[in-house]
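Asks: Numbering (this note's numbering), first residue to last: 526 to 669.
All residues carry an ideal CB built from backbone N, CA and C; glycine is no exception.
Got a structure here, written out as structure tokens. Questions coming.
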């Protein structure tokens with residue numbers, strides 16, 4: 526090569542960007558059928574709405590709905606909790622619910638009626654309260 530003829534090397538810049546997963550979520554998945562688990566104890570009522578595999582979609586409690594003390598264990602508190610859980614699960618497109626009721630509390634029927642009033646079609650109601658075959662001694666009854 527001569528002085529007049531200069532060889533210029535052109536550098537090609539290649540930007541290497543690591544593959545980054547998209548940070549945006551796809552939105553709520555659409556589920557047609559679900560399960561509603563109502564745990565009605567003497568002190569509180571817990572309503573959980575799940576998909577068929579048992580993954581929780583929405584839940585609410587009577588205590589978390591603003592009721593404290595003796596008002597937590599009322600049927601109205603259970604109704605409000607069931608309405609809150611039912612409205613939260615509507616985002617998933619649920620239409621049919623199978624209801625499992627557990628426990629002897631006063632909010633059993635009120636929670637089922639509230640889920641029906643939200644607009645779900647209740648296909649089945651099952652009582653899954655465990656009944657002992659003379660196991661542990663139960664708590665003594667109150668004498669007021």
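State buried or exposed for residue 586, treating a residue as buried only when at least 16 other CB atoms are found within 10 Å of its CB.
Replies: So residue 586 counts as buried.
Asks: Going by C-alpha distance, which of 663, 566 and 666 is nearest residue 603?
Replies: That would be 566, whose Cα lies nearest to the Cα of residue 603.
Asks: Need the endpoints of the alpha helix (DSSP H) that residue 638 sits in, please.
Replies: Residue 638 -> alpha helix (DSSP H) spans 633–643.
Asks: In the DSSP assignment, what residue or residues form a beta bridge with residue 558?
Replies: Note: residue 558 sits in a beta bridge opposite 621.
Asks: Report all residues from its chain with a CB closer than 6 Å to the CB of residue 572; omit the five preceding and five following residues, and keep chain order.
Replies: The residues are 563, 585, 606, 607, 610 and 636.
Asks: I'd like to know if the segment 593–602 and the segment 648–659 are in contact, where contact means that at least 3 CB-CB pairs between them fall below 8 Å.
Replies: Flag = no, the segment 593–602 and the segment 648–659 do not touch.
Asks: Considering only the alpha carbon of each residue, which of 627, 666, 644 and 558 lies closest to residue 582?
Replies: Ranking 627, 666, 644 and 558 by Cα distance to residue 582 puts 558 first.
Asks: Could you give the C-beta distance for residue 624 and residue 561, rounded to a whole number, given that I count them as a contact under 8 Å?
Replies: Indeed they touch by this definition, with Cβ atoms about 5 Å apart.
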